[in-house]
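Q: With our numbering as the guide, the letters of the sequence shown map in order to residues 568 to 890.
Can you read through this structure? Questions will come right after.
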Amino acid sequence: MARKASTTEIQPMPEINPHAFQEDASALAALGDIAQGMQEERDLVNQLLGQVQMADAFSKFSLTVSTSKLAFVKENKLYRGLQGKRSADGQQFSGTWDDFCSLLGRSRQQVDEDIANLRALGEEALDSMSRMGIGYRELRQYRKLPEDQKTALLEAAKSGDKDAFVELAEELIAKSAKDKEALAQQLDNVNADYEAQSQVLADTSGKLQDTKLELEKTRRLVAARTADEKVIAIREEATKLATEAEAAVVCKLRPAVEALVAHADEDGADHRAVIAGLLAQVERAVSSIRVEYGIPATPDSDATPAWMREDADTQVAQALAGA
């Protein structure tokens with residue numbers, strides 16, 4: 568009996584989602600780009616590492632070329648691309664700047680200083696200075712110079728004349744040190760003035776506080792006295808305070824003025840404006856009291872000079888008799 572031929576049923580293919588397919592393709596492309604970027608970054612840092620090592624080993628590159636490459640590696644953190652790689656002695660690289668410098672056989676501090684010199688002094692001038700044999704200590708001093716002096720020094724370095732360059736460098740460093748010393752002295756003077764003013768203000772504040780306490784004490788004592796006793800006590804206290812103020816002018820301010828005058832006579836300095844300011848300060852304080860309370864300029868309220876008053880003859884006769 569003949570076997571019947573069987574037919575295979577062909578299932579239709581599922582419809583392809585173009586959007587999903589495009590997303591998968593994009594994801595694969597992105598992964599490929601990332602992998603390619605990582606590989607290129609690692610290749611670049613390996614290439615730079617090899618160039619720098621060759622420069623150190625065979626001196627085929629200048630110092631500035633090597634340093635500029637190291638600065639590029641540091642700024643862009645390309646040294647991280649070597650993380651996980653093992654050195655020739657089997658040590659695993661951790662991906663840090665310190666380890667990267669160690670691979671070059673140099674310390675991080677030394678490489679950082681080279682980069683600082685390159686940024687501050689420029690590639691051309693630094694290359695010229697390295698050929699002159701200028702050391703790290705001198706380069707560190709050059710970096711600290713003011714911009715105008717540094718510019719002049721860098722221009723001199725490009726000429727390649729070591730003697731002229733060293734002479735100019737010493738002159739600029741000496742001038743910079745002198746300028747810094749002058750600025751430091753000015754700062755010390757300003758600080759001294761500030762401290763003196765602070766002390767004066769503190770003393771003045773303390774004296775004002777003491778005066779307030781004395782006045783409050785006097786007020787309480789006066790409150791318990793008779794009218795006549797109050798008048799006498801108030802006048803006595805006012806007289807006491809006025810005497811203290813006068814004593815301060817005579818015993819403290821006057822010697823200070825005399826010291827300024829003596830200094831002017833010896834050194835030819837003109838302190839008259841300072842003295843005038845000191846006296847005006849005292850006069851303003853007295854004048855403000857006079858104006859605020861309407862106090863006359865003379866104790867007896869008569870501003871007429873003694874020799875023009877009606878009893879001038881009598882006063883003169885009494886004065887002569889007393890003499």
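Yeah, the Cβ is synthetic: ideal placement off N, Cα and C, and Gly gets one too.
Just to confirm my understanding: we take Ala-602, look at its own chain, exclude 5 residues before and 5 after, and list those with CB closer than 6 Å. What are they?
A: Only weak support is given to the placement of Ala-602: the predicted model assigns it a pLDDT of 46, under 50, and the value that follows is read from those uncertain coordinates. Cβ neighbours of Ala-602 beyond the five flanking positions: none.
Q: Is Arg-673 helix, strand or coil by DSSP?
A: Residue state, collapsed to three classes: coil.
Q: Starting from Gln-708, trace the alpha helix (DSSP H) in both directions and tell me its first and last residue.
A: Start and end: 703-710.
Q: Would you grab the beta carbon distance between Tyr-709 and Leu-720 for me? Rounded to a whole angstrom, and I think it's under 8 Å.
A: With a Cβ gap of about 6 Å, Tyr-709 and Leu-720 count as contacting.
Q: With three or more C-beta pairs closer than 8 Å as the rule, is the segment 764-777 touching the segment 733-747?
A: Touching, no.
Q: Name the two residues that bound the continuous alpha helix (DSSP H) containing Ala-843.
A: From DSSP, the alpha helix (DSSP H) with Ala-843 extends over 839-860.
Q: Gln-650 by DSSP, collapsed to three states: which one?
A: Coil, per DSSP.
Q: Do you know how far the Cα of Glu-811 is from the Cα of Gln-799?
A: According to the sequence as given, residue 799 is Ile; it is not Gln. Taking the straight line from one Cα to the other gives about 18 Å.
Q: Check each candidate in Val-678, Ala-724, Glu-804, Lys-636 and name the one with the smallest Cα separation from Leu-780.
A: Closest option to Leu-780, Cα to Cα, is Glu-804.
Q: Helix, strand or coil: which one does DSSP assign to Lys-774?
A: Lys-774 falls in the helix class under three-state DSSP.
Q: Check whether the Cβ atoms of Phe-660 and Leu-671 sit closer than 9 Å, and answer yes or no.
A: Going by C-beta atoms, Phe-660 is not nearer than 9 Å to Leu-671.
Q: Output needed for His-830: all residues of its chain with C-beta closer than 8 Å, excluding positions within five of it in sequence on either side, in chain order.
A: So the qualifying residues of the chain are Ala-836, His-838.
Q: Check the C-beta distance from Leu-685 over to Ser-635 and give it rounded, since I have them as a contact under 8 Å.
A: About 6 Å; that satisfies the 8 Å criterion.
Q: From what residue to what residue does the alpha helix (DSSP H) around Asp-694 run?
A: Taken as a continuous stretch (DSSP letters only), the alpha helix (DSSP H) holding Asp-694 covers 690-699.
Q: Helix, strand or coil for Gly-659? Go by DSSP, reduced to three states.
A: In the sequence under discussion, the amino acid at residue 659 is Gln, which differs from the Gly named in the question. Reduced to three states, the DSSP call for Gln-659 is strand.
Q: Helix, strand or coil for Asn-643 per DSSP?
A: Correct three-state label for Asn-643: coil.
Q: Look at Ala-724 and Met-699 and say whether their C-beta atoms are less than 9 Å apart.
A: Yes.
Q: So, Leu-845 versus Ala-823, is the Cβ gap smaller than 9 Å?
A: Yes; because the gap between Cβ atoms is below 9 Å, this pair is in contact.
Q: Compute the beta-carbon to beta-carbon distance between Leu-645 and Gly-662, rounded to the nearest angstrom, for a pair I have assumed lies under 8 Å.
A: With 8 Å as the limit, Leu-645 and Gly-662 do not qualify as a contact, their Cβ atoms being about 10 Å apart.
Q: Quick one: complete alpha helix (DSSP H) runs, 4+ long, within the segment 722-793?
A: List check, alpha helix (DSSP H) in window: 729-790.
Q: How far does the alpha helix (DSSP H) with Pro-822 in it reach, from first residue to last?
A: First-last of the alpha helix (DSSP H) with Pro-822: 821-834.
Q: Quick one: is Ser-854 buried, meaning 16 or more other Cβ sit within 10 Å of its Cβ, or exposed?
A: Looking at its Cβ environment, which holds fewer than 16 other Cβ atoms inside 10 Å, Ser-854 is exposed.
Q: For Ala-864, name the three-state secondary structure that DSSP assigns.
A: Here Ala-864 sits in coil by DSSP.
Q: Is the beta carbon of Val-817 closer than 9 Å to that of Val-849?
A: Not closer than 9 Å, so no.
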